[in-house]
Each structure stands twice: as C-alpha cells, then as structure tokens.
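Data block below; observations after.
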Amino acid sequence: MSSEPKRKSAKPPSKPKIGVFKFASCDGCQLSLLDAEDELLGVVGAVEIAYFPEASRTMLKGPYDIALVEGSITTHHDAERIQEIRRKCKTLITIGACATAGGIQALRNWKDVDEFVRAVYASPQFISTLKLSTPIAEHVPVDFELRGCPINKYQLIELITATLVGRKPNIPTYSVCMECKRKANVCIAVARGIPCLGPVTHTGCGALCPSFDRGCYGCYGPMDTPNTASLTSQFRILGQNDDQISRAFRSFNAWSWQFRKASEESKRA
Amino acid sequence: MSTRGGRTIKVDTLARVEGEGALYIKMAGERVADVKLRIYEPPRLFEAFLRGRHFSEAPDITARICGICPIAYQMSAVHAIERALGIKISPEVRLLRRLFYCGEWIESHALHIYMLHAPDFLGYQDVIEMAKDHRPVVEKALRLKKIGNRIVQLMGGREIHPISAAVGGFHKAPAKSQLRELVSELEWALEASLEAVKWTSTLEFPDFEQDYEFVALRHPDEYPFSEGRLVSNRGLDIDAAEYEDRFAEFHVKHSNALQSIVRGRGSYFVGPLARFNLNFDKLPEVAQKAALEVELKPPVKNLFRSIVVRAVELVFACAEALRVIREYEPPAAPRVEAPNRRSVGQAITEAPRGILYHRYAIDDNGLILTAKIVPPTSQNQKRIEDDLREYATHLAAWPLEEATWKCEQAVRCYDPCISCATHFLKVVIERE
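First to last, the protein sequences are chains W and S.
Counted the way my numbering counts, the first sequence spans residues 141 to 409.
Counted the way my numbering counts, the second sequence spans residues 15 to 446.
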C-alpha cells in the first residue's frame, strides 16, 4: 500500500477538481461512483467533476486535485498517457484490481502475447499491445491504491473525503477472515473443507463469498502480509493439485507480487 | 472544423458511453464521404486466457468483460456451459435467474435513460448539470437504478461482479422473506417506470427511420432473457448453436473492429428496439398498455425512440421481478452438480443492450479448450456506422457543433458498451 494522500493547501480557491481516467478495464470501478445513488448528488455538490467521460461530455483540462485511475497499462500509448495524467494531478488514486495489480488481463504476462492476439484476432498485425499488463504504480508514483474487483463504493467515498480534508483514510488492510469472523460466519474452509483465499486476501468486500457458501477467490488482492505458503499447504491438504492452486492465485490480482510468487511456487512444487 | 470542399465531424472521446471510443464522419458537401466509429480501448484478450481455466471459473472471469452488464456475461457463460454438459437447471433456479437479469436490466436501463441519454434530449452536458434544473427527475432515476442494484446485491452480494452465479444454478439461493423485502420498493419502481414511459415519450425525436433487420431472442411464453430461438424480421429463426453459421465477423481496418453481419445480408440491430419489435406480444399487459398509450407499437423504426422502448422494458422488468417474487419457492438445492465432460456448448442471452453470444469447448478435466464471445456492441457497430452514414446527410446544413452532438446522440441510442466490445475489437494505431 502506498503512502497516505498528500495534504491539500488550506484555502481552496474553488471546488476541488476530480478527473476519472480509464485504461484497460471493464468500467466497473468508475461505475461505482454512479452506483453510489444515495451519495452521488452530495459528492458532486462538494467537488467539480472535471473529467469523467463515462458520465459527461464536459472534459476540462487539468490540473486536477484528484485523479481516479481505473485500468492497467497494456499499450505504448497508455504508458505515455499515464505520465501525462500524473503531471496534471496533485493526488493520484488507483481504483481497482486492474490499476492496482494489472487485472485479469495480466494473465498474458505468463504467456506469449502474440499467440494470444492470434488466438483472438483474425488480423493480428493490426493489434498494438504490450507483452505485459502492468499496474499504474509500475509507471508513476501512486498516492493511494484502492483494492478490489470491483472496488467498494463506500471505501471510494471515504477515500475521496479523506483526501479532500487531508486526513488518513479509514481503509483497513487486514484479511477477509477478520471480516468473516465479525459476521459470525462459520468458517467454510474449516467446517466444510472448501478452499478459501480469505486468509491471504485484503479485506473490503464484506466477506461476500464465504457468506454465499463459497470460498473467497481473492478479488481484493493480497492483504498486507499474507502467508501464502501456509495457505498453499492447507489447499494441498484439502486435495487441491498444483494446477488448481496456481489458478486460484492467478485471477484478478495475479500480477500482485505476493500472489504471483505463490502461483509460481505452486507450479514449481 | 472545416476541410476543403466539405467538413469533418469529429468526436475524439465519445462521452456517456461505457468504454472509450471515437467518432469520425467526413462530409463532402451533403454527401458523407466516410464514417468511422473508432474503438481505441486496448484489447484484453479474454478468449485467449480463458483457455486452460476450469469451466466453473467462466462466469466470474467473463463478468469482468463489463462492469455495467456482468450478469449478462455470467448468464451467457452458465447457459452455454450447461448446454455443453447437458445440465438441466431446476424451475426455481430458472425463475431466480430471471429475477437476477431483471435487476441488471433495471439498473442498466435507468442509468442509460436518465443519466447517459436524457441529457442529450434536454441539451445538458451531463446528468449533474441536468440535476440542477430537474432534480426530482434525477432523484427518481437514482432511486430506480438503486432498486435494480438492490436485487442484484441481495442475490449476488454486490452490484458489480456479483458472486453467486454458478454453472448449474447459484452458490446460494435467497430466502423467500429476503425477496419479499423488495416488493414495496418494486411496486414504487413499477409506477415510476410507467411515468418514465410517459416522460420519455414527450421528448423531441428527430425524424429518422431506417429499414432495419432486428435480431432478438424469442421465447414461446415470455419476453426473452436467456432462452428461446434467435429470430429476425427478415425470416431468421435459429438455435444458438447455428449462430456462427448465420452470422459473420469481418475486419474493418479503419475502425479497428470486427464487425458483425448477417451472412448474405448486412448489418443488423440488437437491443431493446429489436426485442420490442419482435416480442411485443410477449410483454405483460401493463407494459403493452403503457406503450400503446404513448402510441408506441411495433415496428418502431425510429432509432431515437429507443429511449422510450427502454422505459417500456423498465416497466416489464419491474413487473416481471414482482411476478417472480410472488411465485418464488426456494429450490431444494441451489445448484445441480456439473461434472467434467468433453463437450461444446453455445448460448445467447439478452444483455440490456442486446444479444450476447458465448461458445465454449471443454475437455475431460473441465478445462476450457476454446472460447468465443460476441458482445452486443460489436454486433451493433456496423449498424451504428450505417445509421450515421445516412443520418449525417440530414444534418448537412446544421452548424457543426450541433450536428456533432446530434451524431453522438444517435450513437448513444444504441447504449454502446465499448468495454464489452473491445476484447473483440481491434485496436489499430492510425498512422497518418
């Protein structure tokens, strides 16, 4: 996790300007802003939405007080565009697993991307894409990385609020297990032998999957200090083979270094 | 901007659509010389990395193609895989899936009607600006959208990328009492949708009719979501398994896209207008009546009236959700077992913005060998260009800025979801 948001100057001349920028992604994280039905009109009353093409034809030039960045970097053009955005904003916040960990499209990172392109497209010579799908922080300094595939809209509002007033956002970094226990769920891994990534996954979703009788699939990415080796052993005890374990770590946050390492270790084992 | 002997309509970033695209129309006097709907979203290569994943992962992975219609992806995926494996879902699960889809339709249609499209008709840059003059309308829109999201959240844990859909059913089915809690809000939403039909019908519609081939699912008993044959107003009547025989994609360099056509014919139209025109008789009475009251009856050929049709579908979705909740009995088991088996299966379901085709080939271990996904926006893409080629001639005498906005508005009638289409669309770096 990156450092806390920068402090703003004490006397804002006008409403703070927010820009929402998209790279390779599904649009879901920026949609979270529009999905905050009860809060939306309040939020737009407090800030100026200066750039948000999904919602508005108005596209104002920077500088922006806050840039919300969704998506991963997969083209040369986007690698340049993120530099430009960084130059134009005070605080840069990445929203979601693509921007924070490369997203599901980072599965190409272990494969031959040219073969991938040929598999999908009839005329691969017209496709311009990078070999790797990489998170924003591999390209520019990031002030805060908000986890999740998709992000939690309440965490987004908390983060925007905290950034604007210059305090540390209240966004915990412990595991899904903590949240699951707090909900008084019976542990599905212990009681029913269902493989669950909860012990190594960053909190924020509300322990949804275990609450729906299925194992956590890690869409919020690694927690602060995950013990993936221990969980891998536990998965083996539950009868999972190396390929299954590797796939479990290789989903929406596959390229985060902790899950990446865990997936490669289980492949080697 | 003017060019010699003509002018160019150019929108570098198409706003109020999901995803990123650009529009380019070149006029020579009153003639349209060129139309390009350029998609510059980077490809994410879903069909490639689905290979080697277990079929049980497909609904969660393909949901990530689109944050606006994840349920459509989940439903096309589970139905295609269930057809491959020869699984029959229980009637209770079938009903639940309809409710799930209702939630997505309500959310997506409310978002599009009021927040993405209405500002065009009323002359606002966005819904935020519109809210200053029409706050009650926007508040109603948000409440409507929220009830759609609530259905999805209740059934799937969260609005975006819900986690309950599974091959064979759901991971967990809701209790009857949980669904009952939605009733009063849905009753309000039904009334609000009826008002939405009236309200949208008072907007001003450009006089623009085209002779479209409409393509949608058709089911013998109900307005279509996930089952039925694929039909058109020009005699198409096929099973999902025949889709690739009857439709073709080809590569258009300028738009960097695979565009879809009906083989031997040309572009076609998918989405609310197509569903409405081909399935009007299957709408519940309340929705039929609402449409007829505003003199909307099939065939509707004016693209711009799609905003009213979307409102009629809101009425349908609210009424259908209420029906499902009334009839719902929890299934004995939330899902049936899905054994690994070498097989191939296809399915088409009706995403809010039109038909979504999935095909999977699976091996003996349940791992995906090949996947093919054809999203609604890539199917509409050629139709969008054909429309603009025609429509721009109507605007030849208009000031450039207004003509540009009108063309954008026309594109938004399709509710294009470029994030969906992208993995299927080519990205070309134009070198001029």
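All C-beta atoms in this analysis are idealised placements derived from N, C-alpha and C, irrespective of residue type, glycine included.
Quick caveat, the model's predicted, so the values are computed rather than measured.
Backbone CA spacing between Thr-384 (chain S) and Val-282 (chain W) [nearest angstrom]: 37 angstroms
Do you know how far the Cα of Gly-20 (chain S) is from the Cα of His-68 (chain S)? 55 angstroms
Alpha carbon to alpha carbon, how far is Gln-223 (chain W) from Ala-187 (chain S)? 46 angstroms
Identify every residue that forms a DSSP beta bridge with Met-1 (chain S). Lying outside 15 to 446, the shown extent of chain S, residue 1 (chain S) is not represented and no answer is given.
Enumerate, from N- to C-terminal direction, the unbroken beta strand (DSSP E) stretches of 3 or more residues contained entirely within the stretch 318–374 of chain W. none
Residues from the stretch 257–268 of chain W in contact with chain S, defined by Cβ distance under 8 angstroms: Val-257, Ala-259, Val-260, Tyr-261, Ala-262, Ser-263, Phe-266, Ile-267, Ser-268
Any beta-carbon of chain W closer than 9 angstroms to the one on Phe-60 (chain S)? yes
Where does Asn-393 (chain W) sit, in a helix, a strand or coil, going by DSSP? coil
Compare the C-beta of Ile-443 (chain S) with all C-beta atoms of chain W and state if any pair is closer than 9 angstroms. Summary for Ile-443 (chain S): the model assigns pLDDT 22, below 50, so the residue's position carries little reliability; its value from the coordinates is reported in the next sentence. Yes - at least one Cβ of chain W is within 9 angstroms of the one on Ile-443 (chain S).
Could you list which residues in chain W have their beta carbon closer than 7 angstroms to that of Ala-145 (chain S), in chain order? Leu-181
Unbroken stretches of the alpha helix (DSSP H), 4 residues or longer, contained in the stretch 367–444 of chain S: 390–408, 414–426, 432–436
Under the three-state DSSP convention, the category Cys-332 (chain S) falls into: helix
If we ignore side chains and look at the alpha-carbon of each, how far apart do Ile-177 (chain S) and Glu-405 (chain W) end up? 28 angstroms
Out of curiosity, what's the CA-to-CA distance linking Glu-143 (chain S) and Gln-265 (chain W)? 43 angstroms
Shorter than 9 angstroms from the beta carbon of Ile-275 (chain S) to some beta carbon of chain W? no
Could you list the residues in the stretch 169–200 of chain S with a C-beta less than 7 angstroms from some C-beta on chain W, going in chain order? Gly-171, Arg-172, Glu-173, Ile-174, His-175, Ile-177, Ser-178, His-185, Lys-186
Length-filtered (4 minimum) alpha helix (DSSP H) runs lying within the stretch 97–181 of chain S: 105–124, 132–136, 141–147, 149–170
Can you name the residues of chain W whose CB is closer than 7 angstroms to the CB of Leu-156 (chain S)? Glu-177, Leu-180
Which of helix, strand or coil DSSP assigns to Asp-26 (chain S): coil
By DSSP, does Cys-238 (chain W) sit in helix, in strand, or in coil? helix
Within a Cβ cutoff of 8 angstroms, which residues of the same chain sit near Ile-213 (chain W), ignoring the five residues on either side of it in sequence? Phe-163, Ala-164, Ala-219, Ile-222, Leu-270, Ser-273, Thr-274, Pro-275, Ile-276, Glu-278, His-279
What residues from chain S crowd round Thr-198 (chain W), counting only those whose CB sits closer than 7 angstroms? Gln-139, Asp-140
Please decide whether Ala-241 (chain W) counts as near chain S, where near means a Cβ-Cβ distance under 9 angstroms. no
For chain W, check one thing: does any of its Cβ atoms lie closer than 9 angstroms to the Cβ of Arg-367 (chain S)? no
Looking at C-beta atoms only, is the number of pairs between the stretch 69–78 of chain S and the stretch 86–102 of chain S that lie closer than 8 angstroms three or more? yes
Kindly say whether Ile-79 (chain S), judged by its beta-carbon, lies nearer than 9 angstroms to any beta-carbon of chain W. yes
Could you tell me whether the Cβ atoms of Leu-130 (chain S) and Glu-177 (chain W) are closer together than 9 angstroms? no
Tell me the DSSP bridge mates of Phe-450 (chain S)? Coverage of chain S is limited to positions 15 through 446, which leaves residue 450 (chain S) absent and any answer about it impossible.
Skipping 5 residues on each side, what residues in its chain have a beta carbon closer than 7 angstroms to that of Met-318 (chain W)? Thr-343
DSSP three-state call for Glu-446 (chain S): helix, strand or coil? With a pLDDT of only 28 at Glu-446 (chain S), under the threshold of 50, the placement of this residue in the model should not be trusted; the figure read from the coordinates follows. Looking at Glu-446 (chain S) - three-state DSSP - the assignment turns out to be coil, as it is neither helix nor strand.
8 angstroms CB neighbourhood of Gln-245 (chain W) in its chain, flanking five on each side removed: Ala-164, Ser-212, Thr-214, Cys-238, Ser-273
Is there contact between the stretch 286–299 of chain S and the stretch 387–399 of chain S, where contact requires at least three CB pairs shorter than 8 angstroms? no
Other residues of its chain near Glu-199 (chain S): CB distance less than 8 angstroms, five sequence neighbours each side excluded: Ile-161, Arg-164
Rounded C-beta distance between Pro-348 (chain S) and Phe-184 (chain S)? I'm assuming under 8 angstroms. 5 angstroms
Residue interval of the beta strand (DSSP E) (run including Tyr-204 (chain W)): 204–210
Quick check: what's the CA-CA separation for Glu-44 (chain S) versus Leu-328 (chain S)? 39 angstroms
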